[in-house]
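Numbering follows the numbering used here, with no gaps: position 60 of the sequence shown is 436. A virtual CB, placed ideally from N, CA and C, is assigned to each residue, including glycine. What you are looking at is a predicted structure, and each value in this text was computed from that prediction instead of being measured. Heads up, the thing below is written out as structure tokens.
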Amino acid sequence: MKNNYKLKKNKFGFFQVSPTPSAEEITKFYADEFYTGEYKNFNDSSLEVQISDQEFFEGRWNDIYNNFLEVDNNLQNGASILDIGCGWGLALLYFKKKGFDCYGFDPAKEAVDYGCKKGLQIKHAGLEGMNVFDNKKFNMVTMFNVLEHLADPIKSINQIKDILLPNGILMIDVPNEFNDFQTSGRDVHGLNDWWVAPPNHLNYFSKDSLVNLLESLGFKIEICEASFPLEMFLLFGDNYVKDGDLGSSCHKKRVNFEQNLRKQGKSSTLKKFYRSLAELNLGRQITVFCKLK
């Protein structure tokens, strides 16, 4: 698959892999390899990474929680949240502590078993269908690093519309690919498009293209945020793509940057910074909060 694909830009402005694997092939890859195979070293979804960087992730999840309240300040204790592709369920454990009624599903049985042992309402299910909890509707639906993996993202988002309560919030977090820092860093170091990695990623979004997709499907955008622009380190001269140890060092600097600002009471400055980056289509990740019009 890796050597037998092309990228095509669609009408929304994001790139898709062609030919597209079947939903069954994607589910099998996600279940068998994403968390435990070679790919675990290239994403933040492994249990080891999330536990070792727990303070960093909890800062991020707290930002997500506050953004939900910003979008809907009437959210009450016990509001329901569904995390699609919930992995080990650590985000749900955090939201549970905040008082949300938490649900999730994931194709990786090992991850689901871990979450269930922690007392979460998580099901073992593939990603080709979103109605996993018997037509239950939710106040909030989240997708952390999932949409880029799906064979048919339009179909999936349309299915999500059917499980959102009136005034419900959809949050999507995806890698921000082909951004100017990334492509400039690539060219400075003479690299290839290392982020293009089927069958792991099938869709390559920017902030603008993700917004285009969501608006075309009937959503109103409430918040757009980016994450730290890691590719900036390439422009500083730190080629973390070729040197994994350097990549770990760059990540630690990013963590220190965020945690030091939070400890100094500057979380609002960090939020404004990341929202400004999103407007420029910069940042390693793009996070969008939206509601149906």
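Determine the closest residue to residue i out of the options, with distance taken between C-alpha atoms.
i	options	result
R630	K596, L383, K382, G435	G435
D429	E634, R651, F481, L590	E634
A573	N438, E504, Q392, K387	Q392
K669	E400, N543, N386, A455	N543
P605	N579, K531, L656, V517	L656
K596	I545, N579, P575	I545
M672	P529, F388, H565, I536	Lying before the first or after the last residue shown, residue 672 is absent from the chain, which here runs from 377 to 669.
What is the rounded straight-line gap between the Cα of residue i and the Cα of residue j?
i	j	result
E598	I440	13 Å
D584	E431	30 Å
L451	K485	31 Å
F476	N453	6 Å
G623	D614	8 Å
N449	S643	19 Å
V488	C478	14 Å
N632	V508	39 Å
L653	C600	9 Å
H627	G659	14 Å
K639	L445	22 Å
K499	V617	35 Å
Report the three-state DSSP secondary structure of residue i (helix, strand or coil).
i	result
K513	coil
K474	coil
I539	coil
G505	coil
V522	coil
S394	strand
L546	strand
N417	Reliability of the predicted coordinates at N417 is poor, the pLDDT of 40 falling under 50, and the value obtained from them is presented with this limitation in mind. DSSP places N417 in helix when its eight states are reduced to three.
G491	helix
Since residue i contacts residue j with CB under 8 Å, what's their CB separation in whole angstroms?
i	j	result
A602	I662	6 Å
L541	K513	5 Å
G461	L503	6 Å
L466	G480	With 8 Å as the limit, L466 and G480 do not qualify as a contact, their Cβ atoms being about 11 Å apart.
Along the chain, which unbroken stretches of the alpha helix (DSSP H) at least 4 residues long are found entirely within the stretch 561-626?
583-592, 608-612
What residue ranges within the stretch 419-460 form continuous beta strand (DSSP E) runs of no fewer than 3 residues, ordered along the chain?
456-460
Mind listing, in chain order, the continuous alpha helix (DSSP H) runs of no fewer than 4 residues lying wholly within the stretch 636-668?
643-655
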